[in-house]
Amino acid sequence: MTADLYGASPLAVRADALAASSSPSTVRVAEVPFLAQVTLRVDPRGAAAERIGAALGAALPGPGGVARTERVTVLGLGPDEWLLVGPEGAAQGLQDTLTAALDRAFGAVVDVSAHRTVVEVTGPKAREVLNKGCALDLHPRVFASDRCAQTDVARTAAILMRHDAGSPGFRIFVRASFARYLADWLIDAAAEYGG
């Protein structure tokens, strides 16, 4: 007898409420579940960082920067720390690529895919919704597309990434244990924009 594998995202129970709080013309709030997430720690000035950049197809960005390739988005979290984000099921491949590029250099590669989920807030009013609970200046002149920061959103520790693809958009990487609280806060914050 074999067991059936079943996984539910942290916000599966809030999917309908998130959809109901969204308005296509103003703001959309939705979970982007099951993304592969791998943390990397390595000396950014060393040969291993150069090998990793070559293996990924993009140099590791500095703190607050974001680099993209077809298969991975790399967020610069600190002077020697990055979060690599890919599609569902890509974590092992990312780990293998990073480990091979480290080639016995001092560093760390850890799959943290189950640690956080991602909530996406997009649309013309996305910035206004997030401004209600985030102390960062989210104006595009200050927090441009392809920027990221570790911050609090609604008093919840998160990684915030801006990605404007057609319209303003943000991805919030939040710990799974705080995801429902954040979703409920976002539903309330988006209410005035119709949904």
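Each residue of the sequence shown is one higher than the one before, starting from 1 at the first, in the UniProt record's numbering.
Heads up, the beta-carbon is just placed ideally off N, CA and C, and yes, glycines get one too.
For D137, there is no enclosing alpha helix (DSSP H), as DSSP gives it neither H nor E. Straight through space, the alpha carbons of V110 and A176 are spaced by roughly 17 angstroms.
The stretch 86–102 makes contact with the stretch 40–60; the number of CB pairs closer than 8 angstroms reaches 3 or more. With respect to T156, V174 sits close: the two C-beta atoms are nearer than 8 angstroms. About 6 angstroms separates the Cβ atoms of A17 and I187, confirming a contact at the 8 angstroms cut-off. The Cβ atoms of A179 and P10 lie closer than 8 angstroms to each other. Assigned with DSSP and collapsed to three states, R51 falls in helix.
When the Cα atoms are used, L75 and L130 turn out to be separated by approximately 20 angstroms. Per the coordinates, the alpha-carbon of V153 lies some 14 angstroms from the alpha-carbon of T117. Boundaries for G65: no beta strand (DSSP E) harbours it, and the DSSP string shows neither H nor E there. Distance from the CA atom of L77 to the CA atom of Y181, rounded to whole angstroms, is 24 angstroms.
Non-local beta-carbon contacts of R14 in its own chain, meaning distances under 7 angstroms to residues more than five positions away in sequence, involve R180 and A183 in chain order.
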